[in-house]
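Asker:
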Amino acid sequence: MLALPLLLAGCGTSAYMPNVPNVPMFTQKGELSAGGHVTPKGNITFNTAYAVSDHFAVLLNGSMLSSERRKRDMRHNLLEAAGGYFTTFGPENNRILEIYGGFGGGSSERTEKEEDKETGEMTYERHDANFSKYFVQVNFTSKRKRSLRLLNREFPLNYGTALRASYLNMHDYTLNNVPGETEDNIFLEPIFYTRLTLNPAVQLQYTTGTTIGLKNRDVLTAAYSVFSAGFVINVGGLQKAR
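In structure tokens, the structure reads:
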């Protein structure tokens, strides 16, 4: 039964557009991480995090989208905060496990536009929603010594996986300015990422993943996957290649 949402992820529209998960890859107290990512649809994610102690960190994430196209206008905003545990293990402590839990909220505005082929008259359908979000996220990253050779230089590569489970709940929804039925949903979001290290502080990141909705909904659906490119900056703590 889970295969169907997997196939449908990335199709249709939804009041929820997932942001890129925050994966700071912390190893000790004092490390600071900041990153920016963008999807082909134009959804921009900003992530920040700070290691308060050797095993506890706090996160602040945000995303925004503003798009005007021939058939659809969209605006989407999301802000969330989280905290949790991180640790290193394995040979030379080259594997990182992070577990975070957090909450946030956002808004979505979507206008569907349709033109009558005979008269040229435009019709509009506007959806407005505000929602809250609660999530748990587990990150696993491997820092084993792999690299990409390019232009006679070696660029270290890191690989990782994030699994995020999110509960979203609308607290108001209107269709063409008329109050409509609010919805909730539970989303499972398996994410895979690759980082290419430019220098000890700066990395390029490619992210891909999908969104699985566990409830059958009309508005709060698993319509968008996570596919993005961006960068991550890590400073402080141990000054070693990531």
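Numbering (this note's numbering), first residue to last: 357 to 598.
For glycine and all other residues, C-beta sits at the position ideal for the given N, C-alpha and C.
Are SER370 and ALA579 closer than 8 Å when you measure CB to CB?
Answerer: For the purposes of this step, residue 370 is taken as residue 14 along the sequence shown, with counting starting at 1. For the purposes of this step, residue 579 is taken as residue 223 along the sequence shown, with counting starting at 1. Their beta carbons are under 8 Å apart, which means SER370 touches ALA579 by this criterion.
Asker: Can you tell me which residues form a DSSP beta bridge with PRO535?
Answerer: Residue 535 sits at position 179 when you count from the first residue of the sequence shown. THR530, per the DSSP bridge assignment.
Asker: Determine the direct distance from the alpha carbon of ILE400 to that of GLY391, and round the result to whole angstroms.
Answerer: Translated into positions along the sequence shown, residue 391 becomes position 35. Translated into positions along the sequence shown, residue 400 becomes position 44. Each residue's alpha carbon lies about 11 Å from the other.
Asker: Measuring alpha carbon to alpha carbon, tell me which residue in GLY565, ASP429, THR475, MET478 is nearest LEU519.
Answerer: What you label residue 519 is simply residue 163 of the sequence shown in a count that begins at 1. When only C-alpha atoms are compared, the closest one is GLY565.
Asker: If you follow the beta strand (DSSP E) that VAL394 is part of, which residue opens it and which one closes it?
Answerer: Working through the sequence shown from its first residue, we reach residue 394 at position 38. First-last of the beta strand (DSSP E) with VAL394: 388 to 394.
Asker: What's the C-alpha gap between PRO361 and GLY386?
Answerer: Working through the sequence shown from its first residue, we reach residue 361 at position 5. Working through the sequence shown from its first residue, we reach residue 386 at position 30. Its pLDDT being 38, under 50, PRO361 is placed unreliably in this model, and the value from its coordinates should be taken loosely. Their backbone Cα atoms lie some 40 Å apart in a straight line.
Asker: Do the CB positions of SER488 and ASN525 come within less than 8 Å of each other?
Answerer: For the purposes of this step, residue 488 is taken as the residue at position 132 of the sequence shown. For the purposes of this step, residue 525 is taken as the residue at position 169 of the sequence shown. Yes, Cβ-Cβ distance for SER488 and ASN525 is below 8 Å.
Asker: Once you ignore the five residues that flank GLN595 on each side, which residues in its own chain have a CB closer than 8 Å to its CB?
Answerer: Taking the sequence shown and counting its residues from 1, the one referred to as residue 595 is at position 239. With a pLDDT of 48 at GLN595, under the threshold of 50, the predicted position of this residue should be treated as unreliable, and no value is reported.
Asker: To the nearest angstrom, report how far apart GLU477 and LYS469 are at their CA atoms.
Answerer: Indexing the sequence shown from 1 puts residue 477 at position 121. Indexing the sequence shown from 1 puts residue 469 at position 113. For GLU477 and LYS469, the distance between alpha carbons rounds to 10 Å.
Asker: What residue range is occupied by the uninterrupted beta strand (DSSP E) comprising TYR406?
Answerer: In the sequence shown, residue 406 corresponds to position 50, counting from 1. Run containing TYR406: 400 to 407, per the beta strand (DSSP E) assignment.
Asker: Given a cut-off of 8 Å on the beta-carbon distance, is the pair PHE511 and THR553 in contact?
Answerer: By 1-based counting over the sequence shown, the position of residue 511 is 155. By 1-based counting over the sequence shown, the position of residue 553 is 197. Yes.
Asker: Which same chain residues end up closer than 6 Å to THR404 when comparing Cβ atoms and leaving out the 5 residues on each side of it in sequence?
Answerer: On the sequence shown, residue 404 is found 48 positions in, with the first residue counted as 1. Hits under 6 Å: ALA390, LEU416.
Asker: Do THR467 and ARG428 have their C-beta atoms closer together than 8 Å?
Answerer: For this step, residue 467 is matched to residue 111 along the sequence shown. For this step, residue 428 is matched to residue 72 along the sequence shown. Cβ atoms of THR467 and ARG428: closer than 8 Å.
Asker: On a CA-only basis, which of SER498, SER464, THR475 is nearest GLU454? Give me that one, please.
Answerer: Here residue 454 corresponds to residue number 98 of the sequence shown, with the count starting at 1. When only C-alpha atoms are compared, the closest one is SER498.
Asker: Can you name the start and end residues of the beta strand (DSSP E) that LYS469 belongs to?
Answerer: Stepping through the sequence shown from its first residue, residue 469 is reached at position 113. Segment 451 to 471, the beta strand (DSSP E) holding LYS469.
Asker: Got a sec? Which residues, its chain only, sit under 6 Å from ASN495 by beta carbon, not counting five neighbours each side?
Answerer: As a position in the sequence shown, residue 495 is number 139, starting the count at 1. The residues are VAL379, GLU454, ALA518.
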